[in-house]
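Peer 1: This structure is in structure tokens; I'll ask about it shortly.
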Amino acid sequence: MKLAIPSPPRAVKLTQIPGALRRVGLVAAVFAVATLVAWVAVRAAQAPLASQHAFLRDAVEVDGKVIDVTLPPLEKRLQTPARLRVIYKWKSRDMSATAVPVDAEEAEKLFNGVAVKLLVDPEHPSHAQEASWARAQAGWVWLGSAILGAGVLLALGAVIFELRRAVRREVDPLRVGALVWLTPDAPLPETKDELTFTGHYFRENVKNPVKARVRPGRRPVRNGEKVLAAVLPSSPTLARVVDEEIARDLGWYRNG
Numbered sequence: 003m004k005l006a007i008p009s010p011p012r013a014v015k016l017t018q019i020p021g022a023l024r025r026v027g028l029v030a031a032v033f034a035v036a037t038l039v040a041w042v043a044v045r046a047a048q049a050p051l052a053s054q055h056a057f058l059r060d061a062v063e064v065d066g067k068v069i070d071v072t073l074p075p076l077e078k079r080l081q082t083p084a085r086l087r088v089i090y091k092w093k094s095r096d097m098s099a100t101a102v103p104v105d106a107e108e109a110e111k112l113f114n115g116v117a118v119k120l121l122v123d124p125e126h127p128s129h130a131q132e133a134s135w136a137r138a139q140a141g142w143v144w145l146g147s148a149i150l151g152a153g154v155l156l157a158l159g160a161v162i163f164e165l166r167r168a169v170r171r172e173v174d175p176l177r178v179g180a181l182v183w184l185t186p187d188a189p190l191p192e193t194k195d196e197l198t199f200t201g202h203y204f205r206e207n208v209k210n211p212v213k214a215r216v217r218p219g220r221r222p223v224r225n226g227e228k229v230l231a232a233v234l235p236s237s238p239t240l241a242r243v244v245d246e247e248i249a250r251d252l253g254w255y256r257n258g
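Structure representation (structure tokens):
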């Protein structure tokens, strides 16, 4: 049997490489779990945004009256809303709501008995928000939803990128890599275990040191003490040892 290796790019399929589907599948499984976790986190983060969006869409404006104002500490008033207790009428019913958020600076101007505009959820009339504060949240709701959506798209893009990289890692050395006769720095032992070793090859009279790996249970294609290996230009110090099973599956052997 003699080697008859075509010039690159060579016809190489993922299914022709022993164990490649399992390795790529493992990468896919890891990223599928990571994507699922990210999706659950996004859904959890999106829930309050969706709730506020639905509230703003359906709420009805009513007149209310302040009966108590609770201001945050002075040093936190720029980032923390004040809280109101309010009373209002909804369909002739007297209603009240507590912990109604309002901008702290605006709340400094409020006092007991002052009129205030409220937004009330028709499905849950005991749920009221101060109108100007609630409407000011609309921009943040949109921005938060946009950021979460972009995050999901980025996560999906990362999964596709990593899957493509995993496939290329398996296929590209054999498809477009330079095939060289690699001389191990020490004789390779006869073993069925995975083997990593250092060696070198010559190209244009230049000695190129590399690190190579033989997959478990594989017999390298040999030429005396040398073994056939594929080297990518993008990773000149790493070599993929070509075993006899792959060479046969790819049709690199011929009779004669």
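Remember, this note's numbering sits 2 above the position in the sequence shown when you count from 1.
Glycine included, every Cβ here is placed at the ideal spot set by N, Cα and C.
Are the region 241-252 and the region 223-230 touching by the rule of at least three beta carbon pairs closer than 8 Å?
Peer 2: yes
Peer 1: In its own chain, which residues sit with a C-beta less than 7 Å from the C-beta of Thr-100, not counting the 5 before and 5 after it?
Peer 2: Arg-87
Peer 1: So what's Trp-254 in DSSP terms, helix, strand or just coil?
Peer 2: Trp-254: coil per DSSP, three-state reduction.
Peer 1: Of the choices Val-223, Ala-40 and Val-29, whose alpha-carbon is the least far from that of Val-154?
Peer 2: Closest by alpha carbon: Ala-40.
Peer 1: So, is Leu-145 buried or exposed, given that buried needs 16 or more other C-beta atoms within 10 angstroms?
Peer 2: Flag for Leu-145 reads exposed.
Peer 1: Can you name, in chain order, every residue of its own chain whose Cβ lies under 6 Å from the Cβ of Ala-168, other than the five neighbours on each side?
Peer 2: Val-26 and Val-29
Peer 1: Where do the N-terminal and C-terminal ends of the alpha helix (DSSP H) with Ala-188 fall, by residue?
Peer 2: Neither: Ala-188 is in no alpha helix (DSSP H) and is coded neither H nor E.
Peer 1: Do Pro-124 and Val-62 come within 8 Å of each other at the CB atom, strictly closer than that value?
Peer 2: yes
Peer 1: Grab me the residues of Lys-209's own chain with a C-beta within less than 6 Å of its C-beta, minus the 5 sequence neighbours each way, in chain order.
Peer 2: His-202
Peer 1: Whole angstroms are fine: how far does the CA of Arg-85 sit from the CA of Val-32?
Peer 2: 45 Å
Peer 1: Compute the Euclidean distance between the alpha carbons of Arg-24 and Pro-191, then round it to the nearest angstrom.
Peer 2: 27 Å
Peer 1: Among Pro-218, Arg-166, Leu-197 and Val-161, which has the Cα closest to the Cα of Ala-36?
Peer 2: Val-161
Peer 1: Name the DSSP bridge partner or partners of Asp-96?
Peer 2: Lys-91
Peer 1: Can you tell me whether Phe-199 is buried or exposed, with buried defined as 16 or more other CB within 10 angstroms of its CB?
Peer 2: Its Cβ being crowded by 16 or more others within 10 Å, Phe-199 is buried.
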